[in-house]
Amino acid sequence: MTVDQPLFTLAKKIQWKFPDTHGENKFVVMLGTMRTEKMVLEMLGDWLEGSGWTTALTNSGIASSGVAESFIGVSHLTRTRYYHQVTALALYTLFLRAYDEYLASTTETDQLSLID
Numbered sequence: 001m002t003v004d005q006p007l008f009t010l011a012k013k014i015q016w017k018f019p020d021t022h023g024e025n026k027f028v029v030m031l032g033t034m035r036t037e038k039m040v041l042e043m044l045g046d047w048l049e050g051s052g053w054t055t056a057l058t059n060s061g062i063a064s065s066g067v068a069e070s071f072i073g074v075s076h077l078t079r080t081r082y083y084h085q086v087t088a089l090a091l092y093t094l095f096l097r098a099y100d101e102y103l104a105s106t107t108e109t110d111q112l113s114l115i116d
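Below, the structure written as structure tokens:
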């Protein structure tokens, strides 16, 4: 059964109070995917806080400072997800460019593959 946070708390309390009839071996209670995603984004926000990520978003013109700060606390789930995706794609693009430069600057025998 997948439920949102308030019902998840109640369902777990019922499972713990009545383990013979409603225990964890009888029912699987899962926190809803939206709540799980929000918790993951909040964790990422904790990691990124103070890293300069919001400054980079602001300086690049992608977001205003207030909007960028709202991503740390996940004030708006869809918008926060989008900007994390934009960041991941930008970092991946920079990674590929750096790897291409590395390949161009080394001989074939000295090159490492992405798998190494």
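Per the UniProt record's numbering, the sequence shown starts with residue 1, numbered consecutively.
No residue lacks a Cβ here, since even glycine has one placed at the ideal position from N, Cα and C.
Exercise for the section: Give the straight-line distance between the Cα atoms of residue 27 and residue 77, rounded to the nearest whole angstrom. Expected result: The alpha-carbon of residue 27 is positioned some 29 Å away from that of residue 77.
Exercise for the section: Spatial neighbours of residue 41 within its chain, please: CB distance less than 6 Å, with the 5 preceding and 5 following residues excluded, ordered by chain position. Expected result: Excluding residues up to 5 positions away in sequence, 74, 80 lie with their Cβ nearer than 6 Å to the Cβ of residue 41 in the same chain.
Problem - Residues near residue 8 in its chain [Cβ-Cβ closer than 6 Å; skip 5 each side] - result: 31, listed in sequence order.
Practice task
For residue 68, count neighbouring C-beta atoms within 10 Å of its own C-beta (all shown protein chains included) and say buried if the count is 16 or more, exposed if not.
Solution key: Label assigned to residue 68: buried.
Problem - Enclosing alpha helix (DSSP H) for residue 66 [first to last residue] - result: For residue 66, the enclosing alpha helix (DSSP H) covers residues 65 to 72.
Practice task
Return the chain-ordered list of same chain residues with a C-beta closer than 7 Å to the C-beta of residue 29, the five sequence neighbours on each side being excluded.
Solution key: For residue 29, where only same-chain residues beyond five positions count, the Cβ hits under 7 Å are 1, 3, 8, 11, 12, 15.
Exercise for the section: Would you grab the beta carbon distance between residue 45 and residue 71 for me? Rounded to a whole angstrom, and I think it's under 8 Å. Expected result: About 7 Å separates the beta carbons of residue 45 and residue 71, which is inside the 8 Å limit, making them a contact pair.
Problem - Residues of its chain near residue 57, where Cβ-Cβ distance is below 6 Å and the 5 sequence neighbours each way are ignored - result: Once the five neighbours on either side are set aside, the close Cβ partners of residue 57 are 63, 68.
Problem - Coarse secondary structure for residue 48, derived from DSSP in three states - result: Three-state DSSP puts residue 48 in a helix.
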